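For reference, the structure is listed below as structure tokens.
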Amino acid sequence: MKRHLLSAADLSRDDAELVLRTAEELRSLADRPIKKLPALRGRTVVNLFFEDSTRTRISFEAAAKRLSADVINFSAKGSSLSKGESLKDTALTLEAMGCDAVVIRHGASGAPHRLANSGWVRASVVNAGDGTHEHPTQALLDAFTMWRHLGPRNGGTLDGQRIAIVGDVLHSRVARSNIWTLTAAGVDLWLCGPATLLRGLDAWALRGAAGRRFRVTTSIDDALRDADAVMALRIQKERMASGLLPSLREYTARYGLTAERVALAKPDAVVMHPGPMNEGVEIAADVAAGAQSLIEEQVRNGVAVRMALLYLLAGVRRA
Ligand code: NCD
Numbered sequence: 083m084k085r086h087l088l089s090a091a092d093l094s095r096d097d098a099e100l101v102l103r104t105a106e107e108l109r110s111l112a113d114r115p116i117k118k119l120p121a122l123r124g125r126t127v128v129n130l131f132f133e134d135s136t137r138t139r140i141s142f143e144a145a146a147k148r149l150s151a152d153v154i155n156f157s158a159k160g161s162s163l164s165k166g167e168s169l170k171d172t173a174l175t176l177e178a179m180g181c182d183a184v185v186i187r188h189g190a191s192g193a194p195h196r197l198a199n200s201g202w203v204r205a206s207v208v209n210a211g212d213g214t215h216e217h218p219t220q221a222l223l224d225a226f227t228m229w230r231h232l233g234p235r236n237g238g239t240l241d242g243q244r245i246a247i248v249g250d251v252l253h254s255r256v257a258r259s260n261i262w263t264l265t266a267a268g269v270d271l272w273l274c275g276p277a278t279l280l281r282g283l284d285a286w287a288l289r290g291a292a293g294r295r296f297r298v299t300t301s302i303d304d305a306l307r308d309a310d311a312v313m314a315l316r317i318q319k320e321r322m323a324s325g326l327l328p329s330l331r332e333y334t335a336r337y338g339l340t341a342e343r344v345a346l347a348k349p350d351a352v353v354m355h356p357g358p359m360n361e362g363v364e365i366a367a368d369v370a371a372g373a374q375s376l377i378e379e380q381v382r383n384g385v386a387v388r389m390a391l392l393y394l395l396a397g398v399r400r401a
């Protein structure tokens, strides 16, 4: 494994499988009365969140604590950033205190790369979402969740499984990382949304994901037909320039994940969403809470996957 996890492309197929197998071993810890292992005792994990987050921040914190690491949580609100302190100053402060892993979420695409490649810190850097660029740990937890559910009926792999990702692909770092991880796993991947929210994807795919094969369609029926898994993406109003959608109502009418639409997929297909959800916009409430939904399980699996990653990056490597 590489020292940092900045992009889903940093993991080879073997690395990704190692993360998933390790996560599977760690997953059952959540059911035990004492949810703790000593693997990272004496190590320090810093969560550096410059952008709002609920799931990802709590998930990394729980993961580090369950491995007995010391955890320092930093959020931009209430810090010296409001006094004009830069990423570099913050990084040098962390380095002076000593830390083994830095988990960073930042509104600027590329911020984790800057931190990792600048020499400011010696720790492993984990990208927890940078701008509209990548969110590799989300892609790993999505792949883990799919693998646990679809793998047993498909020879233990995701090879050839038909997976549709529907929604605001344009702004979605989750989609970008998932393209890497899922195509590396041999998935038959379909990306779907209105043309304005798929823009640039072909160019990105040609440049960054050369040789990766996935399909892009504006037809939700084509994307969902016979799918093994369907993932809805949040409409990211905060990143959206005007003019990309006529209205949210129109989006919901044409692309919202309803029970009728999910019925186009295989009868035992699974439904996913990385959260936070706009219920009633990109996904209907009854679908989100329905029998096929794995949305809560994604959250649970996120802790196991992040434990596996922290262990492999900050534990094994430095042992
Ligand atoms: C996503 C994110 O922040 O990129 N959420 C998450 O990490 N679970 C997706 C989103 O914001 O819609």
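Under my numbering, the sequence shown has 368 at position 286, and the numbering climbs by one with no breaks.
Built from N, CA and C at the ideal position, the CB exists for glycine as well.
All figures in this text were calculated on a predicted structure; none of them were measured in a lab.
If you check the CB distance, Arg95 and Ala266 come in under 8 Å. The beta carbon of Leu240 is closer than 8 Å to those of Ala225, Met228, Trp229, Leu232, Gly233, Leu264, Ala267, Gly268 and Val269 in its chain, skipping five residues each way along the sequence.
Rounded to whole angstroms, the Cβ separation of Thr104 and Tyr393 is 7 Å, and the two are in contact under 8 Å. Unbroken beta strand (DSSP E) runs of no fewer than 3 residues, entirely contained in the segment 325–390, are found at 352–354, following chain order.
DSSP lists Val127 and Ser206 as the beta-bridge partner residues of Ala183.
Contact holds between the segment 206–226 and the segment 182–190, because three or more Cβ pairs, one in each stretch, are under 8 Å apart. Residue pairing from DSSP places Leu87 in a beta bridge opposite Val208.
Distances from the alpha-carbon of Gln374 to those of Met313, Met322 and Ala221 put Met313 closest. Looking only at Ala309, Lys319, Thr136 and Leu279, the smallest Cα-Cα distance to Thr300 is reached by Leu279. Counting only heavy atoms of ligand 1, the residues whose C-beta sits closer than 7 Å to one of them are, along the chain, Ser135, Arg137, Thr138, Gly211, His217, Gln220, Ser254, Arg255, Val256, Leu315, Arg316, Gln318, Pro356, Gly357 and Pro358. In the three-state scheme derived from DSSP, where H, G and I count as helix and E and B as strand, Val251 is classed as coil. In the structure shown, Asn236 adopts coil according to DSSP, grouped into three states. Looking only at Ile302, Pro276 and Ala151, the smallest Cα-Cα distance to Ser329 is reached by Pro276.
In this structure, DSSP gives Ile154 an extended state, which the three-state scheme calls strand. In this structure, the CA atom of Leu111 is about 42 Å from the CA atom of Arg331. Here Asp310 carries a coil assignment [DSSP, helix/strand/coil]. Under the DSSP assignment, Val398 falls outside any alpha helix (DSSP H); it carries neither an H nor an E label. Apart from sequence neighbours up to five positions away, the residues of its chain that approach Val387 with a beta-carbon distance below 7 Å are Val101, Ala105, Thr219, Leu222, Leu223 and Phe226, ordered along the chain. Cβ-Cβ distances below 6 Å link His86 to Ala198, Ser206 and Val207 in the same chain, with the five nearest sequence neighbours on each side left out; the list follows chain order.
A direct Cα-to-Cα measurement between Gly201 and Thr126 gives close to 18 Å.
Going by DSSP, Thr299 is part of the beta strand (DSSP E) stretching over Phe296 to Thr299. Between the C-alpha atoms of Ala367 and Glu361 there is a straight-line separation of about 6 Å.
About 12 Å separates the beta carbons of Thr214 and Arg281, which is beyond the 8 Å limit, so they are not a contact pair. Short of 7 Å from the beta carbon of Asp97, and not among the five residues preceding or following it, lie these beta carbons of its own chain, in chain order: Met83. For the pair Phe131 and Ser157, the Cα-to-Cα distance works out to about 5 Å. Ile317 sits in coil when the DSSP states are folded into three classes, being neither helix nor strand.
For Leu273, the enclosing beta strand (DSSP E) begins and ends at Asp270 to Cys274.
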